[in-house]
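Report on the following structure.
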Amino acid sequence: MKKLYSFFATVMVASGIFAQTVFNATFSDVSGTGGNDGGWSGGVANGTFTDGSSSYTTGGAWTLLKVYKGDGCLKVGTSSLKGSVTTPAITLTGNATLTFRAGAWNGANETTTLNVSATGATLSQANVTLVKGAFSTYTVDITGATGNVVLKFEAAAAGNNRFFIDDIKVTTGSLAVSDIKNAKAGSFVKNTFVKSDEITFGADVKDVKVYNMFGQVVKSASVKENGSVSVAELAKGNYIVTGTVNNEPVSQKILKD
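In mature numbering (1 follows the signal peptide of the UniProt record, and there is no 0), the protein residues as written are -19 to -1, 1 to 238.
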């Protein structure tokens, strides 16, 4: 299951085209049971990490509290005590995107809120809601990073808030959720399905760039509102269009037919 996820993650990064991975914790060196092997309750994840910052050091010194060894992942917390996972310091300036997989312990009374916080940066949300008995992938925007960023994943409740976590990744330059929303709200690209060999824009756009799925710039321009850029020479397929509208960066995925 984990190998299958890694394949999809690679495809997603390729589709993001701008993404550069600056931190990637896969926990592939953690040997235990639970999570990736389908175990979400009962006698799984019995191996224990010592509380503190010395028991897990892959990629740097992690700070762990009530953390146990899952199948290539971490199980966090107990029925009576909350747990947390704090990353090593990540060298980061500006904006980035955090993705991670997590799932809640499959218990009848289990709480499913996972708090996410950062030191040295601002996150777009403070918590996520987990699914019991299954991994889901979560994406959080990181803004205003000032050098060394530390991320913390912590149960919201004191007990019965157990969770598994895996594949914590930070990338820079990827398309943030806020960028896509801004693009739609401002009618950045009016025809995201391009059938006429021209991209039509709904605003004055500076520094227009069209990227292919390999991250290569295949077209550059600036355009006025309701103006267009010819892409007749480009092959059919998916592209990413970026630009600046009212001094704000925007991005939009398009499909050329």
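Think of the CB as a built atom: it goes at the ideal place given N, C-alpha and C, for glycine as much as any other residue.
query: Burial state of Ala26, where buried means 16 or more other Cβ atoms lie within 10 Å; result: buried
query: Sequence ranges, beta strand (DSSP E) only - wholly within the region 54 to 115, length at least 3; result: 55 to 57, 65 to 67, 71 to 85, 94 to 100 and 108 to 110
query: Terminal residues of the beta strand (DSSP E) in which Leu132 lies; result: Ser117 to Ala136
query: Limits of the unbroken beta strand (DSSP E) element including Gln233; result: Glu229 to Lys237
query: Local conformation of Asn17 per DSSP, three classes; result: coil
query: Reference Asn219; option with closest CA among Lys234, Ala213 and Asn228; result: Lys234
query: Where the beta strand (DSSP E) through Tyr192 begins and ends; result: Val186 to Tyr192
query: Any 3 or more C-beta pairs closer than 8 angstroms across the region 45 to 53 and the region 110 to 123; result: no
query: Helix, strand or coil at Ser22 according to DSSP, with G and I counted as helix; result: coil
query: 6 angstroms CB neighbourhood of Thr100 in its chain, flanking five on each side removed; result: Val131
query: Neighbour-count burial assignment, Val198, 16 or more Cβ in a 10 Å radius; result: exposed
query: Proximity of Glu206 and Ala184 at Cβ, strictly below 9 angstroms; result: yes
query: Own chain residues within Cβ distance below 7 angstroms of Asn108, not counting five before or after; result: Thr94, Leu95, Asn96, Val97 and Ala137
query: Residue burial classification, Gly13 (beta-carbon count within 10 angstroms, cutoff 16); result: buried
query: Cβ-based burial, Gly125 [other Cβ within 10 Å; buried from 16]; result: exposed
query: Under 9 angstroms between C-beta atoms of Trp86 and Asn141; result: yes
query: Cβ-based neighbour list, Arg143, same chain, cut-off 8 angstroms, excluding 5 preceding and 5 following; result: Lys56, Val57, Gly58, Thr59, Ser60, Gly64, Ala85, Trp86, Gly88, Glu91 and Ala136
query: For Asp147: DSSP bridge partner residues; result: Arg82
query: Contacting residues, own chain, Cβ-Cβ under 7 angstroms from Asp188 (five flanking each side not counted); result: Ser203, Gly224 and Thr225
query: Cβ-Cβ distance between Thr78 and Ile123 below 9 angstroms; result: yes
query: Between the CA atoms of Ser209 and Leu111 - distance to the nearest angstrom; result: 43 angstroms
query: Range of the contiguous beta strand (DSSP E) that encloses Gly218; result: Gly218 to Val226
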